[in-house]
Amino acid sequence: MQRRDFLRCAGAAAVGGASAAATAIGGLGAAMMTYSSVSKSATRRYELGIQFFTFNALATQGWEKFSEAMGIARGLGYEAIQFAGLMGHSPELIRKRAAELGLALRTLHIGNDQVRAFRAPGGSIGEAQDAVYTPTGIVQLTRVNVPLARDLGCEWAVVAASGPTNVQSLDSVRRMCDAINTANDIARKAGIGLSYHGHGPEYRSLDGQNVFEFMLANTDPTIRYELDVAWVAAGGSDPVALIEKHADRIVSFHLKDWSKAGKAVTVGDGQVDFAGIYRAAARIDKPIFNVECEGGPGVDLTREARRSLEHLRPLGWTLTA
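One rule links them: number in this note's numbering = place in the sequence shown (from 1) + 1247.
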């Protein structure tokens, strides 16, 4: 099952307005500007991780394949992993394997294991999400998963998504925010920060109000958000502008691209301004970056993970200070 299946019900809107080409600069001038931009920002070294959903087809086949997928991520050059649930494996076992490979574990997506469990055979992901991410469900899944994040050695537990019902009105969003605030109290008592991962609906307007801005205003300032830059673009927002405006409320990122055709694609294949994101992230205290790759049948996601890394490195990620 691909990540896209889990997010299908969140919806996506194609984003227009691709940036105009700077033809007057000329090839050599543009290259010099790119080199200058990277060399000036190379003093910031951002560890680059990968969202483990990228290897979902392999990782769901038991511990040996799960462990093998971790090794593949490290072999590609990634320095960290963000798990989308633990798939029944103990945090101690995973942490030991990560230490052997030299992989950092800073964040854990919570709720994915519960969505898997709640999906009826042949049923929709949307129904499972609505069952799991009710306001009561958000609080309960935090109680269940925060100890796992703590035992993995993570700094943050990230509420991985929302059910469609939570974003049907501002009242429903407000009830979700109340639940996230309660969940934050649970996480902080365990010594873990709480974060929330939005999708397209969180970056659109609802009842005349931008949902992301509404959530910021109605959640505790200690809650810091994870931006999936492709879903930000899908919702019609500019990831760079959002970082510059709300750096104090953002802690982490999913790095994937968004095409003119309105699809999530591999980094470098769409129109997201990753160089701008790299520069804007300097405003954030200890930002965390995880590549995420999606694809249908026959797509080699290991290849796409490698391509993403190759695109991001020249922009500054993983450069040594």
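Each residue gets a CB set at the ideal place from its N, CA and C atoms; glycine is no exception.
Review point. In this structure, does DSSP put I1439 in helix, strand or coil?
Key: coil
Check your understanding: What are the uninterrupted segments assigned as beta strand (DSSP E) that are 3 or more residues long and contained completely in the region 1353–1406, given in chain order?
Key -> 1354–1357 and 1403–1406
Check your understanding: Under 9 Å, do A1481 and H1444 count as touching if we go by C-beta distance?
Key -> no
Review point. Alpha helix (DSSP H) containing Y1525: first to last residue?
Key: F1521 to A1527
**Study point:** Check whether T1549 and F1302 have beta carbons under 9 Å apart
**Key:** yes
**Study point:** Per-residue DSSP class, three states only, for S1555
**Key:** helix
Point to revise | Simplified DSSP assignment, three categories, for L1295 | key: strand
Practice item. Can you tell me which of the three DSSP states L1474 falls into? Key: strand
Exercise for review: Put S1419 into one of helix, strand or coil per three-state DSSP.
Suggested key: helix
Practice item. Could you tell me which of R1292, G1410, I1319 and P1338 sits nearest to V1362, measuring between CA atoms? Key: G1410
Check your understanding: From R1451 to Q1415, what does the alpha carbon distance come to, in whole angstroms?
Key -> 12 Å
**Study point:** Sequence-distant residues of its chain with Cβ nearer than 6 Å to G1542 (five each side left out)
**Key:** L1548
**Study point:** Close beta carbons around D1360, own chain, < 6 Å, minus the five adjacent residues each side
**Key:** G1332
Practice item. Grab the span of the beta strand (DSSP E) containing V1546 for me, first residue to last. Key: It is not in any beta strand (DSSP E) - V1546 carries neither H nor E in the DSSP assignment.
Check your understanding: With a cut-off of 8 Å, do at least 3 Cβ pairs link the region 1553–1563 to the region 1429–1443?
Key -> no
Review point. What are the partner residues of V1498, as DSSP defines its beta bridges?
Key: DSSP lists no partner for V1498.
**Study point:** Start and end residues, alpha helix (DSSP H) containing F1459
**Key:** V1458 to N1465
Check your understanding: For W1310, which residues of its own chain have a beta-carbon under 8 Å away from its beta-carbon, when the five flanking residues on both sides are left out?
Key -> H1336 and L1340
Review point. Rounded to whole angstroms, how far is the Cβ of S1499 from the Cβ of S1555, which I believe are closer than 8 Å?
Key: Between S1555 and S1499 the Cβ distance is about 16 Å, and since that is not below 8 Å, they are no contact.
Point to revise | Reduced DSSP secondary structure (H/G/I, E/B, other) of D1504 | key: strand
Check your understanding: If you draw a straight line from the C-alpha of Q1387 to the C-alpha of I1357, how long is it?
Key -> 11 Å
Check your understanding: Does the Cβ of V1391 have 16 or more other Cβ atoms within 10 Å, making it buried, or fewer, making it exposed?
Key -> exposed
Practice item. Hey, could you find the ends of the beta strand (DSSP E) N1537 is sitting in? Key: I1535 to V1538
Point to revise | Which of helix, strand or coil DSSP assigns to I1328 | key: strand
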